[in-house]
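Enquirer:
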Amino acid sequence: MTFDIASIRADFPILSREVNGQPLVYLDNGASSQKPQVVIDAVTRAYAHEYANVHRGLHYLSNLATDKYEAVRGVVARFLNAGAETEIVLNSGTTEGINAVAYGWAMDNLTAGDEIILSVMEHHANIVPWHFLRERYGVVLKWVDIDAQGNLDPQAVIDAISERSKLIAVTHMSNVLGSVVDVKTICQHARSRGVPVLVDGSQAAVHHAVDVQDIGCDFYAITGHKLCGPSGSGAIFMRAERMAEMRPFIGGGDMIKEVHKDKVIYNDPPMMLEAGTPGIVQTIGFGVALD
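In terms of my numbering, the sequence shown is residues 761 to 1051.
1. How big is the Cα-Cα spacing for I768 and V899?
2. How is F997 classed by DSSP in three states: helix, strand or coil?
3. Just to confirm the assignment: which complete beta strand (DSSP E) runs, minimum length 3, are found wholly within the segment 806 to 859?
4. Do H985 and G853 come within 8 Å of each other at the CB atom, strictly closer than that value?
5. Can you give me the start and stop residues for the alpha helix (DSSP H) that W903 sits inside?
6. Classify T804 as helix, strand or coil using the three-state DSSP reduction.
7. For D1014, which of I996, M1003, A1035 has the nearest alpha-carbon?
8. Give a yes or no on whether the C-beta atoms belonging to A1049 and G994 are separated by under 8 Å.
9. Checking the sheet assignment: what are the DSSP bridge partners for F979?
10. Tell me the DSSP bridge mates of Q782?
11. Compute the distance between the beta-carbons of E1005 and K926, then report whether it is under 8 Å.
12. Taking C-beta to C-beta, are S939 and G910 nearer than 8 Å?
13. Return the chain-ordered list of same chain residues with a C-beta closer than 8 Å to the C-beta of D971, the five sequence neighbours on each side being excluded.
14. From G1011, P783, Q963, L958, pick the residue whose C-alpha is nearest to that of C977; which is it?
15. Hey, would you say F997 sits closer than 8 Å to E847, going by beta carbons?
16. Relative to the alpha-carbon of D913, which residue among D942, S934, I928 has its alpha-carbon at the smallest distance?
17. Are there three or more Cβ pairs, one per stretch, closer than 8 Å when the segment 900 to 908 is compared with the segment 871 to 889?
18. Quick one: what's got a C-beta closer than 6 Å to A965's C-beta in the same chain, skipping five residues either side?
19. Return the Cβ separation of V814 and Y829 in integer angstroms, given the expectation that the two are a contact with Cβ distance under 8 Å.
20. Give the secondary structure of S767 by DSSP, where H, G and I count as helix, E and B as strand, and everything else as coil.
21. Can you name, in chain order, every residue of its own chain whose Cβ lies under 7 Å from the Cβ of V832, other than the five neighbours on each side?
22. Can you list, in chain order, the residues of its chain with a C-beta nearer than 6 Å to that of R953? Leave out the 5 residues immediately preceding and following it.
23. Look up L1050 in the DSSP assignment and say whether it is helix, strand or coil.
24. Could you tell me if I1025 is buried or exposed, where buried requires 16 or more neighbouring beta carbons within 10 angstroms of its beta carbon?
25. If we call anything under 8 Å between Cβ atoms a contact, is I1040 one with A862?
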């Protein structure tokens, strides 16, 4: 396979600039990717001609913005091959997605002494939320090392599973080493032991086709800004059976059906997990980037 590098560079306006008299070379996509013109145009168009709040207005612009925003849920579902659009929660990125699992699922399903299995090559968004649970609720973090080549042996993760293991949280691809993890094998064995698996797909979704049904994971988090989309955009796949176990982790508008002085009736998931005014334009741009 050959690539027309000049044509690809032409899609990204920022690459037309020079640094010290030389064409800009950008190699930091692991931290955040640059944005192609088609995404910039979509964001500009949304702000200039299509913007309104979503899910809460009856006027033309609100309906238009809501339709465009909700269409992205379908785009993400197809991108990840989810079983249904209702298994997709739209959010600000992988960090929010993983925190949603920590506070909306793990906090109600784990108790002191229960284990979360992690690898030593996780990035901070897949480490710090679990430390919060360790500090506040006595959850045990069980660490799995990598080998001398910088790879994570799936068998090492499988061997770490015990009767107290309640979650495996593992990256699909290291943001430091680029190592690809055989998450499908991990998920197959974990499922047979009744242990849910959360996969951090921030890096892998950029480089590999992702099929969450084939992988067999319970959660799969992605972020828009590493997929040539706007910052502040992303999504997390939650398998239907796990989605049904989720509790709200942020309170606000949109995630409720009714509010009374003595009770609140929550919306159905995934809306229950999307509180407040979302990153409307960022999400629309995210959908364009995926397409």
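In this text, a Cβ means the ideal position worked out from N, Cα and C, and glycines have one as well.
Expert: In this structure, then:
1. So the alpha carbons of these two residues sit roughly 47 Å apart.
2. It is a strand residue.
3. Correct list: 848 to 851.
4. In this structure, the beta-carbon distance from G853 to H985 falls below 8 Å.
5. That residue, W903, is in no alpha helix (DSSP H); its beta strand (DSSP E) goes 900 to 904.
6. Here T804 carries a helix assignment [DSSP, helix/strand/coil].
7. Nearest option by C-alpha distance: A1035.
8. It is not a contact, given that the beta carbons lie outside the stated cut-off.
9. Beta-bridge analysis with DSSP links F979 to L958, M998.
10. Note: Q782 sits in a beta bridge opposite V779.
11. Taking 8 Å as the cut-off, the Cβ atoms of E1005 and K926 do not count as close.
12. Their beta carbons are under 8 Å apart, which means S939 touches G910 by this criterion.
13. In the same chain as D971, and ignoring 5 residues on each side of it, the C-beta atoms closer than 8 Å to its own belong to L840, N841, in chain order.
14. Sorting G1011, P783, Q963, L958 by C-alpha distance to the C-alpha of C977 places L958 at the top.
15. It is a contact, given that the beta carbons lie within the stated cut-off.
16. Ranking the options by Cα distance to D913, first place goes to D942.
17. When C-beta atoms of the segment 900 to 908 are compared with those of the segment 871 to 889, three or more pairs fall below 8 Å, so the two segments count as touching.
18. So the qualifying residues of the chain are I982.
19. For V814 against Y829, the beta-carbon gap comes to about 5 Å, under 8 Å, which counts as contact.
20. Residue state, collapsed to three classes: helix.
21. Excluding sequence neighbours, V832 sits near L850, T1043, I1044, F1046, G1047.
22. Take R953, set aside five residues on each side of it, and the residues of its chain with a beta-carbon closer than 6 Å to its own are I921, in chain order.
23. Three-state result, L1050: helix.
24. So I1025 ends up on the exposed side.
25. In this structure, A862 does not lie closer than 8 Å to I1040 by Cβ.
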